[in-house]
DNA sequence: AATGAATGAGCATTCATTCAT
DNA sequence: GATGAATGAATGCTCATTCAT
């Protein structure tokens, strides 16, 4: 309906992503999704037998897109700091360009759905982050505190930057803010 | 029902707080709230004409409780660093003791409801934080970057610590983690 | 809607009885029942939380009405034969006057619902029949075969008479057919 | 799917018979039937344009099987009583061995579908019974009451016996119960 | 003010049927 | 003929909200 979709399954996921982020899971009827996707109500249930299945599938897709965006150009970087800096910037830029997908992912942090989805599984896609952190701690470059905590702080601070930029319309200063916030976070995380 | 309530209005808010945090907004019927509060269904709507009104009122209450908890003992501290450190620890301890209320507040960060509630109003209660940050920047103790960004990073890192502790059952090491994470954050924020 | 109903619960049962017998359980939407009863869709579910609950309640009511109709005037009769003859006639006349209720009851014999309803419980209302049969066998008036079988044969033959009369429009000869069929069945059941 | 089927049409009927009896008409989706039959959903509708058509066809087949089973060995019997006795026993044994098919047939007695199927047509297959009854009445061996009534009583008593045996697990006493119930019914029907 | 029965729009899901391949 | 993806009307049930008592 919106645009030609290769197949209906993809159209449904795209519509879900859009509507779930705009309206929240529970405020988005499946009928609205199928309409937005340009398919019949029954078609949605052929591919996703349950609304919950649809939510979970959408989550996995979104998480995957984020993980891909974060690592663009990663292999070119040499030092640990440069790698983290690249990821830092990639993530912020992706978040600014895909605010809905990011918002959608955040819904899971505080929703009952989070328990139903294997945290483990979702985290596999971010193994590259865990690896980097482990490498940094081992090499004595990062503070020797709970690895998961470093991970969480990085992520949450990153989201904070995105939120601040988009909420206050600071897109013009994006590059400065990326750099400034990275220095701040990096100097906090790295061994003094 | 649960305990003797001064008046029905309070009973309703308490029931809301409990149920919303346990089950989420959309999964909590107003009928369940009125039952938990020990009042008739109609009574709830006398005080809160709309479910949305109830959600917003509950939000304000919870936010207020958080703000109070954060500032306990604040007047005793002298230096900026000590004040922020106190707030940092207060927040984490409160979050660990009131996980549901915290979760409830976080629901708003990514829910469509956030747009409906005056961000301004909610933020007034945290004026003490803004003041501290302003003071720190002015005095040259904190990095001179966007004030709101400092605020957001502080908050999000704080939540990250809480989440990590409760998710991984690290309550025993709470004090160390509070201290360690504060050093990390503070060294990031402060002027080198 | 149809007529003034003392209370909604009764109106719903009456509508159910009518529609279930006319259309079958599965071909009768709850919305149609509530409409026929002149209540809102939600009201039906206040009284009967599930369609199945409604079906079962309707069944119990109908069974009860039948049991009452069967025993009208029973205390006046003296001999076993007269008692059974009275019940025989009562049942046929009630069946002819309430064809839908009878049909409704028969639906249970061949429906999956029968397993869900305590056969025992339903049978309690017909204890007077079991007692009569037991009395007859003990007194040597009835053949000494499986009591339940006598019960079943009586019932099914009775229904056969009703069905035949109403299917073939033999209402004019009702009295003769009642008598004739009773003689037939009685001479079969009684000890020669 | 189950076993090799000569043609799809037969496979569909067999699947219908099985599933309709196990689950009832309305609780059996056509998709389930086509799956059980090992054909595509569309194929079913090539042979039976409507679910109702399929139900009716299945009914006719089942009725035919019953009629055949009832008359096995009938030509060997000489007297009227022996013929009826044979049919009596044949029917009970078939019913015990094919409880689901019998249940399926009974569904029609009290279902709205009965009006849609030509009673006449279904009855043609039981002409042998009508003939026997007519013969008996004419010869003065059976009571001179409404022929159809005799037919109905015979059938319903017969089903009552089957039901009683299978409900109470009396299979061991099948032969006695067949004989006992036949004596009972026959002495009722025959001219004293 | 308080009550809770009543309301009816709204929702997730099912399924008989169609039709392009 | 055969297939099975697609359709969309229909259904059981929920729940925010109203209002007579």
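Protein chains in written order, with my numbering: chain A, 1 to 192; chain B, 1001 to 1192; chain C, 2001 to 2192; chain D, 3001 to 3192. Yeah, the Cβ is synthetic: ideal placement off N, Cα and C, and Gly gets one too.
#1: On a CA-only basis, which of C:2149, C:2129 and C:2186 is nearest residue 2068 of chain C? Give me that one, please.
#2: Taking only three categories from DSSP, how would you classify residue 1019 of chain B?
#3: Taking Cβ-Cβ distances shorter than 8 Å, what residues in chain B pair up with residue 177 of chain A?
#4: With DSSP as the reference, label residue 86 of chain A as helix, strand or coil.
#5: Taking the alpha carbon of residue 3084 of chain D as the reference point, which residue from D:3060, D:3135 and D:3041 has its own alpha carbon closest?
#6: Please report how far the alpha carbon of residue 2031 of chain C lies from the alpha carbon of residue 2039 of chain C, in whole angstroms.
#7: Helix, strand or coil for residue 1080 of chain B? Go by DSSP, reduced to three states.
#8: Buried or exposed: residue 20 of chain A, going by 16 or more other Cβ atoms within 10 Å of its Cβ?
#9: Do residue 1187 of chain B and residue 188 of chain A have their C-beta atoms closer together than 7 Å?
#10: Between the Cα of residue 1166 of chain B and those of B:1096, B:1036, B:1053 and B:1154, spot the shortest distance and give me the residue it belongs to.
#11: State yes or no: is the beta carbon of residue 3180 of chain D nearer than 7 Å to at least one beta carbon in chain C?
#12: Using the beta-carbon count (16 or more within 10 Å), is residue 3107 of chain D buried or exposed?
#13: What is the DSSP secondary structure of residue 1170 of chain B, reduced to helix, strand or coil?
#14: Since residue 164 of chain A meets chain B, which of its residues come closer than 9 Å, beta carbon to beta carbon?
#15: By the criterion of Cβ-Cβ separation under 7 Å, what are the contact partners of residue 3156 of chain D in chain C?
#16: Could you work out which residues of chain D lie near residue 2185 of chain C, taking near to mean beta carbons separated by less than 8 Å?
#17: Is the beta carbon of residue 3153 of chain D less than 7 Å from the beta carbon of residue 2157 of chain C?
#18: Do residue 2077 of chain C and residue 2086 of chain C count as a contact pair if the criterion is CB distance below 7 Å?
#19: If the cut-off is 7 Å on Cβ atoms, which residues from the region 2019–2052 of chain C count as contacting chain D, listed in chain order?
#20: By Cβ distance below 6 Å, which residues in the same chain neighbour residue 3178 of chain D in space, the five residues on each side in sequence not counted?
#21: If the criterion is Cβ atoms closer than 7 Å, does the pair residue 3199 of chain D and residue 3190 of chain D meet it?
#22: With distance defined between alpha-carbon atoms, name the residue in B:1044, B:1121 and B:1023 nearest to residue 1007 of chain B.
#23: Using the Cα positions of residue 1012 of chain B and residue 1052 of chain B, report the straight-line distance between them to the nearest angstrom.
#24: From this set, C:2024, C:2185, C:2009 and C:2010, which residue's C-alpha is nearest residue 2104 of chain C's C-alpha?
#25: Which residues in the same chain as residue 2017 of chain C place their Cβ atom closer than 8 Å to its Cβ, once the five residues preceding and following it in sequence are excluded?
#26: Comparing C-alpha positions only, which one of C:2064, C:2137 and C:2009 sits nearest to residue 2080 of chain C?
#27: For residue 1161 of chain B, count neighbouring C-beta atoms within 10 Å of its own C-beta (all shown protein chains included) and say buried if the count is 16 or more, exposed if not.
#28: On a CA-only basis, which of B:1054, B:1126, B:1176 and B:1168 is nearest residue 1028 of chain B? Give me that one, please.
#29: Is the separation between the beta-carbon of residue 2164 of chain C and that of residue 3148 of chain D shorter than 7 Å?
#30: How big is the Cα-Cα spacing for residue 2046 of chain C and residue 2070 of chain C?
#31: Please report whether the beta-carbon of residue 2014 of chain C lies at a distance below 7 Å from any beta-carbon of chain D.
#32: Using 8 Å for Cβ pairs, my map puts residue 2198 of chain C next to residue 3145 of chain D. What's the rounded Cβ distance?
#33: Let me see if you follow: with CB-CB separation under 7 Å, is residue 3061 of chain D close to chain C or not?
Concretely, from the data shown:
#1: One-based indexing of the third chain puts residue 2068 of chain C at position 68. Of the listed residues, the one whose Cα sits closest to residue 2068 of chain C is C:2129.
#2: Reading the second chain from its first residue, position 19 is the one you call residue 1019 of chain B. It is helical.
#3: Position 177 of the first chain holds residue 177 of chain A. Near residue 177 of chain A (Cβ distances below 8 Å), the residues of chain B are 1145, 1146 and 1149.
#4: As a position in the first chain, residue 86 of chain A is number 86, starting the count at 1. Residue state, collapsed to three classes: helix.
#5: Position 84 of the fourth chain, counting from 1, holds the residue named residue 3084 of chain D. Minimum Cα distance to residue 3084 of chain D is reached at D:3135.
#6: Translated into the one-based positions of the third chain, residue 2031 of chain C becomes position 31. Translated into the one-based positions of the third chain, residue 2039 of chain C becomes position 39. Their backbone Cα atoms lie some 10 Å apart in a straight line.
#7: As a working note, residue 1080 of chain B is residue 80 in the second chain. Reduced to three states, the DSSP call for residue 1080 of chain B is helix.
#8: Looking up residue 20 of chain A in the first chain gives position 20. Classification for residue 20 of chain A: buried.
#9: Working through the second chain from its first residue, we reach residue 1187 of chain B at position 187. Working through the first chain from its first residue, we reach residue 188 of chain A at position 188. In this structure, residue 188 of chain A lies closer than 7 Å to residue 1187 of chain B by Cβ.
#10: The residue you call residue 1166 of chain B lines up with position 166 of the second chain. Out of B:1096, B:1036, B:1053 and B:1154, B:1096 has the C-alpha closest to the C-alpha of residue 1166 of chain B.
#11: As a first step, residue 3180 of chain D is located in the fourth chain; it is residue number 180 there, counting from the start. Interface residue, yes.
#12: Here the question's residue 3107 of chain D lines up with position 107 in the fourth chain. Flag for residue 3107 of chain D reads buried.
#13: Translated into the one-based positions of the second chain, residue 1170 of chain B becomes position 170. Coil at residue 1170 of chain B, not helix or strand.
#14: Numbered from 1 along the first chain, position 164 holds the residue referred to as residue 164 of chain A. Within 9 Å Cβ-Cβ: 1146, 1148, 1149, 1151, 1152 and 1153.
#15: Position 156 of the fourth chain, counted from the start, is the residue given in the question as residue 3156 of chain D. Under the 7 Å cutoff, chain C gives 2156, 2157, 2159 and 2160.
#16: Mapped onto the third chain, residue 2185 of chain C falls at position 185. Ordered by position in chain D, the residues that pass the 8 Å Cβ test against residue 2185 of chain C are 3153 and 3188.
#17: For the purposes of this step, residue 3153 of chain D is taken as residue 153 along the fourth chain, with counting starting at 1. For the purposes of this step, residue 2157 of chain C is taken as residue 157 along the third chain, with counting starting at 1. It is a contact, given that the beta carbons lie within the stated cut-off.
#18: Position 86 of the third chain, counted from the start, is the residue given in the question as residue 2086 of chain C. Position 77 of the third chain, counted from the start, is the residue given in the question as residue 2077 of chain C. Against a cut-off of 7 Å, the Cβ pair of residue 2077 of chain C and residue 2086 of chain C comes out as a contact.
#19: 2023, 2024, 2026 and 2027
#20: As a working mapping, residue 3178 of chain D is identified with position 178 in the fourth chain. Around residue 3178 of chain D: 3089 and 3092.
#21: This structure cannot settle anything about residue 3199 of chain D, because the visible part of chain D is limited to 3001 through 3192.
#22: Looking up residue 1007 of chain B in the second chain gives position 7. It is B:1044.
#23: Counted from its first residue, the second chain places residue 1012 of chain B at position 12. Counted from its first residue, the second chain places residue 1052 of chain B at position 52. One C-alpha to the other measures close to 14 Å.
#24: Taking the third chain and counting its residues from 1, the one referred to as residue 2104 of chain C is at position 104. Distance check between residue 2104 of chain C and each of C:2024, C:2185, C:2009 and C:2010 places C:2024 closest, using alpha-carbon atoms only.
#25: The residue labelled residue 2017 of chain C in the question sits at position 17 within the third chain. 2058, 2061, 2062, 2100, 2101 and 2104.
#26: For the purposes of this step, residue 2080 of chain C is taken as residue 80 along the third chain, with counting starting at 1. The option with the nearest alpha carbon to residue 2080 of chain C is C:2137.
#27: By 1-based counting over the second chain, the position of residue 1161 of chain B is 161. Residue 1161 of chain B is buried by the Cβ-count criterion.
#28: The count along the second chain starts at 1 and reaches residue 1028 of chain B at position 28. The residue with the shortest Cα to Cα distance from residue 1028 of chain B is B:1054.
#29: Here residue 2164 of chain C corresponds to residue number 164 of the third chain, with the count starting at 1. Here residue 3148 of chain D corresponds to residue number 148 of the fourth chain, with the count starting at 1. Less than 7 Å separates the beta-carbon of residue 2164 of chain C from that of residue 3148 of chain D.
#30: Locating residue 2046 of chain C in the third chain gives position 46, where the first residue counts as 1. Locating residue 2070 of chain C in the third chain gives position 70, where the first residue counts as 1. If I take the Cα positions, the gap works out to 33 Å.
#31: Stepping through the third chain from its first residue, residue 2014 of chain C is reached at position 14. No, its Cβ sits nowhere closer than 7 Å to a Cβ of chain D.
#32: Past the edges of chain C, shown from 2001 to 2192, lies residue 2198 of chain C, and the structure says nothing about it.
#33: Position 61 of the fourth chain holds residue 3061 of chain D. No, residue 3061 of chain D does not count as interfacial toward chain C.
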